[in-house]
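These notes concern the structure reproduced below.
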Amino acid sequence: MSINYQAVVQDLRHSLGESAVSDDPVRRFAWSTDASYFRIVPEVVVHAENLEQVKKTLAVARKHQAPVTFRAAGTSLSGQAIGEGILLMLGFDGFRTLKINNDASAITLGAAVIGSDANTALKPFNKKIGPDPATLTSAMVGGIYSNNASGMCCGTAQNSYQTVKSVKLVLADGTELDTGNEASKAVFRETHANLLEQVKGLGEMARGNEALAARIRKKYAIKNTTGYSLNALVDYEDPFDIIEHIMVGAEGTLAFVNEVTYHTVVEAKYKASAMAVFFNMEDAARAIPPIIGDSVAAAELLDWASIKAVTGKPGMPDWIGSLPEGSAILLIESRSDDEATLDGYTKDVIEKLAFLETERPITFSKDQAVYGKYWAMRSGLFPIIGGARPKGTSVIIEDVAFDVQHLANAAHDLTELFHKHGYHEGVIYGHALAGNFHFIITPTFATQDDITRFHNFMDDVADMVINKYDGSMKAEHGTGRAVAPFVEAEWGPEAYTLMKNIKQVFDPQGLLNPGVILNEDKNVHVKNIKPCPVVDDFVDRCIECGFCEKTCPTTALNLTPRQRIATLREISRLESEGDKEGAEKMRAAAKYDVVDTCAACQLCTIACPVDNSMGNLVRKLRTPYITSTQQKVLDFQAKNWGAVNTALSTGFNILNVLHKVTGDSITGGLMKAGRMISSEVPYWNPDFPKGGNLPQPSAPVAGQPSVVYFAACGGRTFGKTPQDPDERTLPDVTVTLLERAGFNVITPPKTRSLCCGQMWESKGDFKNANGKRDELIDVLRDISNNGEIPIVIDALSCTYRTLTGNPEFTILDLVDFIHDEVMPKLTIKKKSAVALHLGCSARKMHIEPKMEAIATACSSNIVRPAGITCCGYAGEKGLYKPEINETALRNIKQLLPTEVTEGYYANRMCEVGLSHHSGISYRHLAFLLEECSR
């Protein structure tokens, strides 16, 4: 049946509104990627913020028989979060319910809650959710539940299947069901009696077939996410219990998951870890069976290739580099709620492994600073390998599972397959306690021969896993498209027929995520493979994992770093294949989303496991767009920055007076008219600050230490906003504070003409940017006598930018100096609650602890609005692309308690944007300390 997607889009927009629906070619392509090796471009994308929008989307899908794919964070690895037709993505603010019951034994989570955020909320109760995938800091609950995702510790005992208490669903026909609500179930019995009868019948069929029931129980004795959760049919008899468990791991093919209520699990208070080093993989695998039990909470196996990949990485012991070739490591963790029991556990493990020869004695560490690095290394193994792969290659991670007694032989066989098919870089590691191996290869998919090689490799893997060891082709990553062709082979025809019946019961029209889990196309796993063309060194390591997305300030505006990179890769592919016209068309269409609105804040780099730098690339991409006229303006500004900076301050003062006299509409109209003449005229809003100033420090006092103080452009250009309680500027307050602490303040001559160069860098003008930065460093060197006198800069981003010039002397941010040198010299009286922003520059400089210490010293209650990372002001970009700032801070006002009337940061441009959107004054921490130390 042919689907009229133009009509689909029209109906969706009529039902949901324009902003929730997009059929823009660039954005459809950008949203066609997840963490898997597939790419499928949807016809239309819906961002749903509430359940009504989901139900309306399903109604349109039913009307037009259009397929729908549900997507949460898109961190899935098997291709289950992408699809043709309608891609329904969880919105940017909805589906974020988070409720903990009275004794913290259960937690209710919206589908868009990130797993680690749930654990953060549970931490005061010494609890956590059971599922612990490696993507927990990015993956959302809807995906965690729908994939039955698990990780290093939860095994098969604490995954979603075992810990789900109830679930709220929307079925394909639009019906809501809450399995934890008796009223909801009563209504469902009335409206869907036939469905319940069919579910009950499937359970009776499975339980009544002794051989099949035994097969199902055996398959779930180890990790298994291949196919549907058939164990629900043998573990439960009540149809509602079956439904809430059969939906676990259903990958959005049976229903939309709205909320999940989990039984929480205890987070052990005491932990110890050891790196047990064996001479070969076989011995390491032989160590697993005897240590299974209470003494070991987790055991991770790393083969020789994995060891080589982490050798020399931060936190790794030096001795790893001298291990003999072929060694294997078993990373073991023991946990307990009391230290004596923990000691007994570690002793027990050492005794049980005494029968094996190890390369070095097994010793446990209780020091989190030590063992935390080991586990961080293990969690980062996939991105470490992915980031080190050759340019133009893909990275594929698969996970299989075996009975633990087969681990040693299976590891040997898998290694043989690597060499047979030419994947000599193949790596094996995994959750050994659960019999779960992950393996990584980095293939090229440039030709059909490359794809055929991968196809043959996967056929051999399936033969080995299924026919030789009766294992699981998918242990925890979900079936998706990657192993859909192997589901029947693994389970057999009876079980496969049962799965098809399940699909028919819940989705009779086959509209929900078709082709995922069940697929009659035996080649689907080698179709729609996304290419990985070379773009630039800044981003070529990208594995499209999506870890960057939760921190990006433009996620809710248009695109994230992952999506920008995917778009750039497609442009590169078109160029490499000779389609210059197609590449230029896409480049022009993508300019606003990819280049113009990237804040270049670098938070994505901090979150990125392979150290991509989308911000640096975007600045580089902006260079060719600078016209000759614009370059002349930039050159003039750089050469005459003192006069320009003075004019800007004066201009903002004039604008402030004009606004007072004429009001919002006339001032706004004049600014709009000015923008039509020149793009250098900013967008105006009523919260624009006055101009700034530069105070004259007091005469030096003999015997007092001195400090060189450079007032960065933001603080000396932008003064008081309407929300600020007094007229003083940041330079005024900084001089007052430094002098109060007993310092003579020295300011550079012609401060107005100096700049770190960030304004030019953000536009892609690196020549002027670096010239201004180097000029500033030269002046600071001279005035400080080559750094003998301490130097401070009063804006985090400017300090950071100046330090990129690698000065041969120390330059400090004002936060560092007031924390280390000023605060100890002052008597401080605490205020009540204040808000604290820890933005991108603070994170890049790792200065958050000092900022928190200053705020804590000055206030009894520090409020940090959840989810506010980068403010989106992006230097001066907030003046010219205010939509970035608006989107990034869209929720800040409602997140601030009413009793909080003031906020603090350490970057004036950011504070201007924070003040505008929060409705309260945001100023530099120096203001807080100055007021509290009077």
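Residues 4 to 937 in this note's numbering are what the sequence shown lists, from first letter to last. Quick reminder that beta carbons are idealized off the backbone N, C-alpha and C, glycines included. None of these values were measured; they are calculated from a predicted model.
If residue i and residue j are in contact, beta carbons under 8 Å, what's the gap, nearest whole angstrom?
i    : j    : result
C861 : K833 : 6 Å
E87  : K171 : Actually they do not touch by this definition, with Cβ atoms about 27 Å apart.
L817 : A877 : Not a contact, Cβ separation roughly 21 Å.
I444 : G433 : About 15 Å; that fails the 8 Å criterion.
R784 : F812 : 6 Å
I609 : K847 : 7 Å
F440 : D402 : 7 Å
T600 : L560 : 6 Å
S924 : D797 : S924 to D797, Cβ: 17 Å. No contact.
G113 : F98  : 4 Å
I89  : P45  : 7 Å
K896 : S936 : The pair is not a contact, with the Cβ atoms about 30 Å apart (cut-off 8 Å).
L93  : G145 : 6 Å
Beta-carbon separation of residue i and residue j under 8 Å?
i    : j    : result
P134 : S169 : no
A858 : L928 : yes
A302 : A435 : yes
M589 : I574 : yes
P612 : C548 : yes
L3   : R210 : Absent from the model: residue 3. The displayed extent of the chain is 4 to 937, so no value can be given.
S153 : L139 : no
D690 : L620 : no
V352 : I294 : yes
K226 : T159 : yes
M143 : A115 : yes
K376 : G318 : yes
Y883 : Y628 : no
V218 : D596 : It should be noted that the sequence gives Arg, not Val, for residue 218. Taking 8 Å as the Cβ cut-off, R218 and D596 do not qualify as a contacting pair.
D14  : V47  : no
C873 : P556 : yes
V313 : I249 : no
C740 : V825 : According to the sequence as given, residue 740 is Leu; it is not Cys. Yes, these two residues count as a Cβ contact at 8 Å.
Y40  : K471 : no
L892 : R867 : no
V268 : K130 : yes
R624 : K766 : Just to set this straight, residue 624 is Leu in the shown sequence, not Arg. No; because the gap between Cβ atoms is not below 8 Å, this pair is not in contact.
G881 : G906 : no
S141 : A76  : yes
Between which two residues does the alpha helix (DSSP H) containing residue i stretch?
i    : result
A569 : 564–579
Y377 : 371–382
F509 : 496–509
F440 : Taken as a continuous stretch (DSSP letters only), F440 belongs to no alpha helix (DSSP H), being part of the beta strand (DSSP E) at 439–444.
E354 : 342–355
D452 : 451–465
E934 : 928–935
I609 : 606–610
N234 : 234–238
For residue i, report the span of its beta strand (DSSP E) as first-last.
i    : result
I103 : 101–103
A838 : 837–839
A982 : Because the chain is modelled from 4 through 937, residue 982 falls outside the range shown and cannot be assessed.
L334 : 331–339
N470 : Unbroken run through N470: none, as it is neither H nor E.
E262 : 258–266
L741 : Unbroken run through L741 is the alpha helix (DSSP H), 733–743; no beta strand (DSSP E).
M278 : 273–281
Are the segment 272–288 and the segment 359–366 touching, with three or more C-beta to C-beta distances below 8 Å? With the rule of 3 Cβ pairs closer than 8 Å, the segment 272–288 counts as touching the segment 359–366.
As an exercise, report each continuous beta strand (DSSP E) stretch of at least 3 residues that is fully enclosed by the segment 758–828, in chain order. Counting whole runs of 3 or more residues, the segment 758–828 contains the beta strand (DSSP E) stretches 794–796.
Uninterrupted beta strand (DSSP E) stretches inside the segment 59–104 (no shorter than 3 residues): Scanning the segment 59–104 from its first residue to its last, the whole beta strand (DSSP E) runs of 3-plus residues come out as 71–74, 89–93, 101–103.
Whole beta strand (DSSP E) runs in the segment 163–219 with 3 or more residues, listed along the chain? Whole beta strand (DSSP E) segments, 3+ residues: 167–174, 179–181.
Hey, which unbroken runs of the alpha helix (DSSP H) at 4 residues or more fall wholly within the segment 125–167? DSSP assignment within the segment 125–167 yields the following whole alpha helix (DSSP H) runs of 4 residues or more, N-terminal first: 144–150, 163–166.
Whole beta strand (DSSP E) elements within the segment 638–672, 3-residue minimum: If only complete runs of 3 or more residues are kept, the segment 638–672 shows no beta strand (DSSP E) anywhere.
Contiguous beta strand (DSSP E) assignments of at least 3 residues, all confined to the segment 839–910: Unbroken beta strand (DSSP E) stretches of 3 residues or longer found wholly inside the segment 839–910: 905–908, given in chain order.
I'd like to know if the segment 476–493 and the segment 409–419 are in contact, where contact means that at least 3 CB-CB pairs between them fall below 8 Å. Judged by pairs of C-beta atoms under 8 Å, the segment 476–493 does not touch the segment 409–419, as fewer than three such pairs exist.
Check whether the segment 709–729 and the segment 672–683 are in contact - that is, three or more C-beta pairs closer than 8 Å. Counting Cβ pairs under 8 Å, fewer than three are found: no touch.
Can at least three beta-carbon pairs, one atom from the segment 56–63 and one from the segment 520–531, be found at a separation below 8 Å? No: the two stretches stay apart, fewer than three of their Cβ pairs being nearer than 8 Å.
Every unbroken alpha helix (DSSP H) inside the segment 667–710 [4 residues or more]: Those alpha helix (DSSP H) runs which fall completely within the segment 667–710 and span 4+ residues are 667–680.
Whole alpha helix (DSSP H) elements within the segment 15–48, 4-residue minimum: Complete alpha helix (DSSP H) runs here, min 4: 28–33.
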